[in-house]
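The structure under discussion appears below in the form of structure tokens.
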Amino acid sequence: MTTITALPTEALLEIFGLLNIESLTDAKMACKKFQDVIRMIPLRSYTLRIDEPNHSMWKFTRSLLADPKAGSRITELTVEWCRREPDDPDTWTDKWDWTEEDLRIMKRLEETVINKYLDDDVYTAIKGGINSEALLPLILCFTENLESLDLGDVVTELFNYKGWPTDCLKKIFKLNREDSSNNDAHIPEQQFRTWFHLNTGYPGKYLPGLSKLKKFNHQLNEDVFISVDKWGWRADYFLPILFIPGIKEITIGGCGTDEQGGEYASLKKIMGLYKKQFEGVPPSTVKKLVIGASRIYEKDYRLIANYTCCLEELHISYNDNYVELNSRYDMAGAIYVFLNNNPKLTMDKISVDGRSNEAWLKAFHDCGYDFPWANGGEDEDRERTYEEFVEEFEAWSQRRTLRDEHK
1 MTTITALPTE ALLEIFGLLN IESLTDAKMA CKKFQDVIRM IPLRSYTLRI
51 DEPNHSMWKF TRSLLADPKA GSRITELTVE WCRREPDDPD TWTDKWDWTE
101 EDLRIMKRLE ETVINKYLDD DVYTAIKGGI NSEALLPLIL CFTENLESLD
151 LGDVVTELFN YKGWPTDCLK KIFKLNREDS SNNDAHIPEQ QFRTWFHLNT
201 GYPGKYLPGL SKLKKFNHQL NEDVFISVDK WGWRADYFLP ILFIPGIKEI
251 TIGGCGTDEQ GGEYASLKKI MGLYKKQFEG VPPSTVKKLV IGASRIYEKD
301 YRLIANYTCC LEELHISYND NYVELNSRYD MAGAIYVFLN NNPKLTMDKI
351 SVDGRSNEAW LKAFHDCGYD FPWANGGEDE DRERTYEEFV EEFEAWSQRR
401 TLRDEHK
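Under UniProt numbering, read the sequence shown as residues 1 to 407, first letter to last.
As structure tokens, then:
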């Protein structure tokens, strides 16, 4: 009887083409012939399932460690969050145990990859085998041609729970008693942080998998809000993404800044603290920016606006539990800066908290915001009625569009 290993390459390609990525990962470990054949199968997209009970993300990472070049074929990554549920033992994913060979491979990668792109804490969490979200920065070290990263509705904690369920802790940490301190090595210190946030990098030193990114999505699972004092993940973690060369579309939600500083600092303060990393950075190439259900203050939106020049679409909405536009003038200054800095951005492509274009034009007029009218001359600074303002604004918009079309 002919064994499967004796089949010709064409037949193996047809068989392996029917398998999912988890099965392919297992098959690659069987023999060198299988590994060589599977390398011929194009892997363009993949879904990473955080803490899935069958350890699919750990197995996928192991396959990349064995064949790092396989990651370069991936152009799209999607993340699903399968965190442990305290009331459902079937979700209590066991600790992952690396083989001695796995650890030797990682040791060899320390100088060229791990120490270059990852911090010590995430490396500890990776070797710890509990939180598979720690693997994401490592995976992004091998996907240098990635174009789309969808983080989905992020769950930053190990458990979808307020506190640590005793039986679950005993199972995953293999303890005889409850000891929540074991959690400390597996997640970042403060709430609503992920290992991805802390290892993204910055202009000139991004994770390889972010260097060619075109599309990025990061939301927050609303069910994880366990304190009214928390506003979601810190919006400053989005700044490095904004400056990725060639980025086209960014969609984020469930994040916040704080005018008072503290754990949620303003974006200006963060830029000041990391002045060296952001010094001389060119404007963002993002064309579509969507920021939803967030608590970000107007001055922070102004900062974002000042670093954009290619926007064609802008959509902003607030987390109604924390922030409302109390005045019809709120956000007018930021929208004004967005319009001035982005020649292709028109009023019909701007949506802010559901307000109409007319509401923003009235705010511009009442606040005395002036656009670079092409008329010039003595009437440049004259006081305009609202109707005159709208007429000149529309004429200015049309001239700007025509100039852009002739470039």
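The C-beta atom is built at its ideal place from N, Cα and C for all residues, glycine as well. Quantities reported herein were computed from a predicted structural model and do not represent experimental measurements.
(request) For the beta strand (DSSP E) holding Ile-50, just list the boundary residues, first then last. (result) In the sequence shown, residue 50 corresponds to position 50, counting from 1. Its beta strand (DSSP E) spans residues 45-50.
(request) Using three-state DSSP, classify Tyr-206 as helix, strand or coil. (result) Residue mapping note: residue 206 aligns to position 206 of the sequence shown, counting from 1. Tyr-206 falls in the strand class under three-state DSSP.
(message) Could you give the first and the last residue of the continuous alpha helix (DSSP H) run that contains Thr-124?
(response) Residue numbering aside, residue 124 sits at position 124 when the sequence shown is read from its first letter. Unbroken alpha helix (DSSP H) run through Thr-124: 120-128.
(request) Assign Asp-353 to one of three DSSP states: helix, strand, or coil. (result) What you label residue 353 is simply residue 353 of the sequence shown in a count that begins at 1. If DSSP states are grouped into helix, strand and coil, Asp-353 belongs with coil.
(request) Mind the definition here: the region 22-34 touches the region 104-122 only if three or more C-beta pairs lie below 8 Å; say whether that holds. (result) no
(request) Quick one: grab the DSSP three-state call for residue 421. (result) Nothing can be reported for residue 421, as the shown portion of the chain is limited to 1 through 407.
(message) Please list the terminal residues of the continuous beta strand (DSSP E) segment that includes Trp-81.
(response) Indexing the sequence shown from 1 puts residue 81 at position 81. Per DSSP, Trp-81 belongs to the beta strand (DSSP E) from 76-81.
(message) Taking only three categories from DSSP, how would you classify Phe-159?
(response) As a working mapping, residue 159 is identified with position 159 in the sequence shown. Correct three-state label for Phe-159: strand.
(message) What does the Cβ neighbour count give for Arg-382, buried or exposed, with the cut at 16 atoms within 10 Å?
(response) Counting from one through the sequence shown, the residue named residue 382 turns up at place 382. Exposed, by the Cβ-count rule.
(message) Going by beta-carbon coordinates alone, are Ile-252 and Phe-243 separated by less than 8 Å?
(response) By 1-based counting over the sequence shown, the position of residue 252 is 252. By 1-based counting over the sequence shown, the position of residue 243 is 243. Not in contact: Ile-252 and Phe-243 (Cβ atoms no closer than 8 Å).
(request) Could you check if Ile-4 is buried or exposed, using at least 16 other CB atoms within 10 Å of its CB as the buried criterion? (result) As a first step, residue 4 is located in the sequence shown; it is residue number 4 there, counting from the start. By the 10 Å Cβ count, Ile-4 comes out exposed.
(message) Check for me: the beta strand (DSSP E) holding Lys-288 runs from which residue to which?
(response) Numbered from its first residue, the sequence shown carries residue 288 at position 288. Run containing Lys-288: 288-294, per the beta strand (DSSP E) assignment.
(message) Which same chain residues end up closer than 6 Å to Trp-96 when comparing Cβ atoms and leaving out the 5 residues on each side of it in sequence?
(response) In the sequence shown, counting from the first residue as 1, residue 96 sits at position 96. Result list for Trp-96: His-55, Trp-58, Gly-129, in chain order.
(message) Does the region 108-119 come into contact with the region 70-81, if we say contact requires no fewer than three beta-carbon pairs (one atom in each stretch) closer than 8 Å?
(response) no
(request) Can you say whether Glu-14 is buried or exposed, counting buried as having 16 or more other CB atoms within 10 angstroms of its CB? (result) Sequence index remark: in the sequence shown, residue 14 carries index 14 (1-based). Counting of Cβ neighbours within 10 angstroms places Glu-14 among the exposed residues, the total staying below 16.
(request) Closer than 7 Å by C-beta to Gly-376: which residues in its own chain qualify, once you throw out the five before and the five after it? Chain order, please. (result) On the sequence shown, position 376 is the one that residue 376 refers to. Bear in mind that a pLDDT of 49 at Gly-376, under 50, signals an unreliable position, so the model cannot answer this.
(message) Taking its Cβ as the centre, do 16 or more other Cβ atoms sit within 10 Å of Met-29, making it buried, or is it exposed?
(response) Counted from its first residue, the sequence shown places residue 29 at position 29. The residue is exposed, with fewer than 16 neighbouring Cβ atoms inside 10 Å.
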